[in-house]
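Colleague:
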Amino acid sequence: MTMVTTTCSLCRTDVTLDFENLSHDEAVERLRKLDKKAMECPGMHVEMGGWYKRWKLDEALRAAYPDHYTNGA
Ligand SMILES: [Zn+2]
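Those letters in the sequence shown? Residues 326 to 398, per the working numbering, in order.
1) Is DSSP giving leucine 342 helix, strand or coil here?
2) Going by the C-beta, is leucine 335 closer than 7 Å to any heavy atom of ligand 1?
3) Cutting at 8 Å between CB atoms, please list the residues of its own chain near histidine 370, excluding the five before and the five after it.
4) Could you check how far apart the C-beta atoms of leucine 342 and threonine 332 are, in whole angstroms? I think they sit under 8 Å.
5) To the nearest angstrom, report how far apart arginine 387 and serine 348 are at their CA atoms.
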């Protein structure tokens, strides 16, 4: 189980992401879908998408799967 905390760049609320036992590629796929979804941030604002950038999910992926990003990959 891999949990990563990131911060919403819009409201500065901490957001905890649970990657469960997903592989890196599965996690990327899930975040891509999430990015297109209309939903509510834990900071109580609803957005039509754009979570990838707003929640700095590229950094969250690096934190959750450090092995995937070593060796300059
Ligand atoms: Zn927010």
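Idealized CB from N, CA, C, for every residue including glycine.
Modeller: A quick look at the data gives this:
1) Position 17 of the sequence shown, counted from the start, is the residue given in the question as residue 342. Three-state result, leucine 342: strand.
2) As a position in the sequence shown, residue 335 is number 10, starting the count at 1. Checking every heavy atom of ligand 1 against the Cβ of leucine 335, one is found closer than 7 Å.
3) Counting from 1 along the sequence shown, the entry for residue 370 is found at position 45. Hits under 8 Å: Leu335 and Cys336.
4) By 1-based counting over the sequence shown, the position of residue 342 is 17. By 1-based counting over the sequence shown, the position of residue 332 is 7. Under the criterion of beta carbons closer than 8 Å, leucine 342 and threonine 332 do not qualify as touching, at roughly 11 Å.
5) As a working mapping, residue 387 is identified with position 62 in the sequence shown. As a working mapping, residue 348 is identified with position 23 in the sequence shown. Whole-angstrom Cα-Cα distance: 13 Å.
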